[in-house]
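**Q** As given, the protein sequences belong to chains Z and C, one line each in that order.
Note that this note's numbering gives residue 77 to position 41 of the first sequence, counting from 1, and the numbers run on in steps of one.
Note that this note's numbering gives residue 78 to position 73 of the second sequence, counting from 1, and the numbers run on in steps of one.
Idealized CB from N, CA, C, for every residue including glycine.
All values reported here derive from a predicted model rather than from experimental measurement.
Right, I'll just put the structure down here and ask away after.
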Amino acid sequence: MATPRPIRSMDPYAEQFWSYTQIKEFRLQKCSECGKFRWPPGPTCDRCLSDEFEWTLMAGRGKILSWTTFHRSYFPEYPAPHTTIVLELDEGPLFAAYPVKIGPEDLSEGMELSLRWTDGLDEFGDYNLPVFGPLTE
Amino acid sequence: MATSLDRERLGPLKDSVAIVGVGETDYGSDYRGAGGKAVAKGEARYDSYTLASRALKRALDDAGLNKDDIDGLCVANLSSERACELWGMNPRWSGGGDAAQSIIEATMAINCGLCTTVALVYGNAQRSMNTAYGGSRVTGGGITSYFYYAPWGLTSQGALYALLFQRHKLLYGTTEEQLGAIPVAFRKHACMNPNAVMQKPITIDDYLNARYIAEPLRLFDYCLINDGGVAIIVRRADMAKDCRQPPIMVSGFGWSEENVDATQLRPRLKDFYHTAHRDVAAQVYPMAGVTPQDIDVFATYDSFSVHLLASLEGFGFCKEGEGGPFVQEGRIEIGGDLPCNTSGGMLSESYMQSWNHQPELVRQLRGGLGQRQVQGAEVAQYVHDVAGKCKSIIYTKGN
C-alpha cells in the first residue's frame with residue numbers, strides 16, 4: 037500500500053503530469069512554438085499563448101534556491117519537523133519539493149540535487165512523488 | 006508592462022477624494038473576552054456582518070454622515086447583497102477587494118460621476134470561525150501556490166514567506182536578529198494603542214527565544230488571528246468639508262501585479278516582488294508629488310514581518326538587500342526616521358488583512374494620538390503586497 041499524502045490539485049493537465057509519474061518519468065510541458073517550459077501544468081504557453089506542447093523528459097537536476105522547516109505539524113502525513121525546498125531545475129522552471137537523504141543543516145544555497153521517487157496515494161489514486169536528494173549517496 | 010502610464014489622465018485625480026470617516030471594532034477587548042483571557046479559536050462569538058456593521062456605524066458617526074448619504078459601497082469578506090440588505094442601502098455602484106484596491110476603485114467611481122460618497126466595509130470573524138491559513142483546510146483565494154504543493158507538505162502563507170526570508174538571508178546575509186527588530190517595534194507601537202490586541206512589550210531576546218513556526222520565521226513574525234471590522238468613508242473632495250472631521254486626501258495611488266510564474270514562486274524568490282514595487286512606486290510618488298524622503302508615516306501589509314523588508318527595499322527607502330540593517334536602531338519606531346505600522350500592525354494590533362492600516366494613517370494625519378502620534382505627520386503611505394499583488398496609497402492632510 038502506497039504512502040497516503042495530502043491531496044493533489046487535479047485538472048486535465050495535472051492528470052497527465054501525474055500519470056507519467058506512475059512510470060517514474062518526470063516530464064514537464066515544453067511549448068512547441070517558443071520552447072518555454074511551464075509549471076504547474078496548464079493549457080497555454082505564458083510567453084507566446086500557443087497551446088501546442090510536448091511532455092518533455094526533464095534531466096531531474098536542480099540547484100537549491102531556498103528552504104523552510106515546519107516546526108508545527110500542518111498535515112498528519114508530515115509531522116514536524118518537516119523541511120521543504122525550492123529548486124531551480126537545469127531546464128529553467130522552479131520546482132518545490134522536499135529533500136531526502138539530507139538534513140536541513142546540510143542544505144546550502146546553489147547546492148545541486150537530483151530526482152528521487154517516492155510513492156504516494158490520495159483520493160485520485162496511486163502515484164509517485166518527485167523529491168530530491170544528494171547527487172551521490 | 007509594455008504600455009506606458011497615462012499620467013495626463015491620472016494626474017487630475019490627485020486630491021479628488023478624501024477619507025472623511027473611519028471606524029473599527031474593539032480589537033483588544035473582543036480578543037480578550039470576559040475575564041481578560043484570549044477567546045479560543047472556534048469559540049464563535051461573532052459573525053463577520055456583526056463586526057462590519059459595528060465598524061460602519063462608527064465610521065458614519067466619525068464623519069458626521071448618515072447612511073442615506075452613502076451612494077456607493079465596497080464590501081470585503083462579505084456578500085454585497087446581504088450587506089446592503091442589512092444596512093438598508095441601494096447603492097448606485099458597488100465594488101470590493103482589499104483596502105487599497107477599494108480606495109482606488111472608489112476614487113475611480115466617484116470621478117466617473119457614478120457616486121459621491123462610498124462606504125468601504127470589511128468584517129472578519131476569523132477567530133470565531135477558526136479560519137485556517139495552512140494545512141488541509143487552506144483555500145487559495147485565487148492564489149494557487151497556497152495549496153498546490155500540499156502533496157509535498159508545503160502549504161501556509163507563513164511557509165511561503167519563510168522561503169522568501171530564507172532566500173534573503175542566503176543572498177544578503179540578513180540575520181534573524183535583524184528581522185526581529187520589526188515585530189519588536191510593532192509591538193512597542195501596539196503598547197501605545199489601547200485598541201490593540203497585544204499589550205505586552207517584547208524584547209529581541211523574547212523574539213529569539215520564541216518557537217519557530219516555519220523556520221526561519223518565529224511566532225512573533227506571524228500576524229494575529231482575531232475578529233474585527235473596519236469601515237472607511239470616501240467622499241468627493243468638494244463635499245468633504247461638510248463632514249465632522251478634517252478631510253484626509255487621497256493624493257496618490259498605484260497598482261501593479263507580478264503574477265508571471267507566481268505558482269513556481271519565481272517572483273517571490275528571484276525578485277522579492279520588486280518589479281511590482283518599482284512599478285507602483287513609479288505611479289504613486291509622481292502622482293502625489295512626493296518622494297520616499299517625504300513620507301512621515303509608513304504602513305505595509307504585514308501578515309508576516311518580512312513584508313516590511315521587501316517593501317522598504319522595493320519602494321526605495323533603502324537599497325536591495327539592505328532592509329535588515331535599515332530596520333535597526335529604532336529607525337522604524339515612532340520617533341525614528343520612518344515610523345512603520347504605528348498601530349502595531351497586523352502583527353500586534355489586529356489582523357484586518359490591510360484594512361486596519363488605513364484608519365491608523367488617517368488618524369496620524371488628523372493628529373492628537375498622544376504618545377503614539379508621529380509629530381508633524383503630513384504625508385502617509387500604505388503599501389499593499391500580497392504575493393505580488395501590489396498597490397499603494399499616499400494620504401496627505403487636507404487644506
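From the DSSP secondary-structure annotation, give me the bridge partner or partners of Met254/C.
**A** Your numbering for residue 254/C matches position 249 in the second sequence. In the DSSP output, where bridge partners are listed per residue, Met254/C has Ala23/C and Thr401/C.
**Q** Once DSSP output is grouped into helix, strand and coil, what is the label at Lys46/C?
**A** Numbered from its first residue, the second sequence carries residue 46/C at position 41. Coil, per DSSP.
**Q** Hey, is Phe152/C's beta-carbon within less than 8 Å of any beta-carbon in chain Z?
**A** In the second sequence, the residue the question calls residue 152/C occupies position 147. Yes, because at least one Cβ of chain Z sits closer than 8 Å to the Cβ of Phe152/C.
**Q** Could you check what DSSP says for Trp157/C in three-state terms: helix, strand or coil?
**A** Walking along the second sequence from the start, residue 157/C turns up at place 152. Three-state result, Trp157/C: helix.
**Q** Tell me which residue opens and which closes the alpha helix (DSSP H) that Leu10/C is part of.
**A** If you number the second sequence from 1, residue 10/C lands on position 5. Premise fails: Leu10/C is in no alpha helix (DSSP H) and is neither H nor E.
**Q** Could you tell me the distance, in whole angstroms, from the CA atom of Asn231/C to the CA atom of Tyr110/Z?
**A** As a first step, residue 231/C is located in the second sequence; it is residue number 226 there, counting from the start. As a first step, residue 110/Z is located in the first sequence; it is residue number 74 there, counting from the start. In this model, Asn231/C and Tyr110/Z are separated by some 20 Å (Cα to Cα).
**Q** Between Lys42/C, Ala281/C and Ala167/C, which lies nearest to Gly33/C when the distance is taken from Cα to Cα?
**A** Sequence index remark: in the second sequence, residue 33/C carries index 28 (1-based). Out of Lys42/C, Ala281/C and Ala167/C, Lys42/C has the C-alpha closest to the C-alpha of Gly33/C.
**Q** At least one CB of chain C closer than 8 Å to the CB of Glu127/Z: is that the case?
**A** Counting from 1 along the first sequence, the entry for residue 127/Z is found at position 91. Not a single CB atom of chain C sits nearer than 8 Å to the CB of Glu127/Z.
**Q** Output the boundary residues of the alpha helix (DSSP H) element that contains Pro221/C.
**A** Position 216 of the second sequence, counted from the first residue, corresponds to residue 221/C. Element bounds for Pro221/C: n/a, residue is neither H nor E.
**Q** Does the beta carbon of Ser102/Z come closer than 8 Å to any beta carbon on chain C?
**A** Residue mapping note: residue 102/Z aligns to position 66 of the first sequence, counting from 1. Using beta-carbon distances, Ser102/Z counts as an interface residue toward chain C, with a partner under 8 Å.
**Q** I need the DSSP call for Tyr127/C, collapsed to helix, strand or coil.
**A** For the purposes of this step, residue 127/C is identified with residue 122 of the second sequence, where counting begins at 1. Three-state DSSP puts Tyr127/C in a strand.
**Q** Tell me, which residues are paired with His389/C by DSSP?
**A** Here the question's residue 389/C lines up with position 384 in the second sequence. The partner list for His389/C (beta bridge, DSSP) reads Lys396/C.
**Q** Which residues does DSSP list as the beta-bridge partners of Asn164/Z?
**A** Sequence index remark: in the first sequence, residue 164/Z carries index 128 (1-based). DSSP, once it has assigned bridges, lists Asp155/Z as partnering Asn164/Z.
**Q** Using DSSP's beta-bridge definition, name the partner residues of Leu123/Z.
**A** Looking up residue 123/Z in the first sequence gives position 87. The partner list for Leu123/Z (beta bridge, DSSP) reads Ile100/Z and Phe131/Z.
**Q** Is Asn346/C closer than 8 Å to Ser355/C when the C-beta atoms are compared?
**A** Along the second sequence, read from residue 1 onward, the residue named residue 355/C stands at position 350. Along the second sequence, read from residue 1 onward, the residue named residue 346/C stands at position 341. The answer is no: Cβ separation not under 8 Å.
**Q** Return yes when the Cβ of Leu83/C is within less than 8 Å of the Cβ of Met130/Z, no when it is not.
**A** Locating residue 130/Z in the first sequence gives position 94, where the first residue counts as 1. Locating residue 83/C in the second sequence gives position 78, where the first residue counts as 1. The question names Met, but residue 130/Z in the sequence shown is Leu. No, these two residues do not count as a Cβ contact at 8 Å.
**Q** Please name the residues in the segment 61-89 of chain Z whose beta-carbon is closer than 7 Å to at least one beta-carbon of chain C, in chain order.
**A** Trp75, Pro76 and Asp82
**Q** State yes or no: is the beta carbon of Val122/Z nearer than 8 Å to at least one beta carbon in chain C?
**A** Here residue 122/Z refers to the residue found at position 86 of the first sequence. Look at Val122/Z: its C-beta is under 8 Å from a C-beta on chain C.
**Q** Please list the partners that Leu157/Z has in chain C, where partner means a Cβ-to-Cβ separation under 7 Å.
**A** For the purposes of this step, residue 157/Z is identified with residue 121 of the first sequence, where counting begins at 1. Per Cβ cutoff of 7 Å: no residues; Leu157/Z is ~10 Å from chain C at best.
**Q** Can you confirm whether Ala98/C, when its beta carbon is compared against all beta carbons of chain Z, has any partner nearer than 8 Å?
**A** Sequence index remark: in the second sequence, residue 98/C carries index 93 (1-based). In the sequence as displayed, the identity of residue 98/C is Trp instead of Ala. No, Trp98/C lies away from the interface with chain Z (no Cβ there is under 8 Å from its Cβ).
**Q** Show which residues of chain B have a CB atom less than 7 Å away from the CB atom of Val265/C.
**A** This model lacks chain B altogether, as its protein chains are Z and C.
**Q** Do the segment 148-164 of chain Z and the segment 17-30 of chain C meet, that is, are 3 or more Cβ pairs less than 8 Å apart?
**A** Short answer: they don't touch.
**Q** Output the residue ranges of the beta strand (DSSP E) runs that lie fully inside the segment 56-102 of chain C and measure 3 residues or longer, sorted by chain position.
**A** List check, beta strand (DSSP E) in window: 77-81 and 98-101.
**Q** CA-CA distance, Ile238/C and Cys81/Z?
**A** Counted from its first residue, the second sequence places residue 238/C at position 233. Counted from its first residue, the first sequence places residue 81/Z at position 45. Going from the Cα of Ile238/C to the Cα of Cys81/Z covers about 43 Å.
**Q** Would you please state the rounded distance, in angstroms, between the beta carbons of Tyr227/C and Gly146/C? I believe it to be under 8 Å.
**A** Locating residue 227/C in the second sequence gives position 222, where the first residue counts as 1. Locating residue 146/C in the second sequence gives position 141, where the first residue counts as 1. Not a contact, Cβ separation roughly 18 Å.
**Q** Please work out which residues of its chain come closer than 6 Å, Cβ to Cβ, to Tyr49/Z, disregarding the five sequence neighbours upstream and downstream, and give them in chain order.
**A** Stepping through the first sequence from its first residue, residue 49/Z is reached at position 13. So the list reads Pro77 and Gly78, once near-sequence residues are dropped.
**Q** Under 8 Å, Cβ to Cβ, is there at least one residue of chain C near Leu165/Z?
**A** As a first step, residue 165/Z must be located in the first sequence, where it is residue number 129. Cβ-Cβ to chain C under 8 Å: yes for Leu165/Z.
**Q** Where Glu141/Z and Thr105/Z are concerned, what is the direct C-alpha to C-alpha distance, given to the nearest angstrom?
**A** Counting from 1 along the first sequence, the entry for residue 141/Z is found at position 105. Counting from 1 along the first sequence, the entry for residue 105/Z is found at position 69. Spanning the alpha carbons of Glu141/Z and Thr105/Z requires a straight line of approximately 10 Å.
**Q** Please classify Thr179/C: is it buried, with 16 or more other beta-carbons within 10 angstroms of its beta-carbon, or exposed?
**A** Numbered from its first residue, the second sequence carries residue 179/C at position 174. Burial call: buried.
**Q** Any idea if Ala167/C is buried or exposed, counting beta-carbon neighbours within 10 angstroms, 16 or more meaning buried?
**A** Along the second sequence, one-based indexing puts residue 167/C at 162. Per the 10 Å Cβ criterion, buried.
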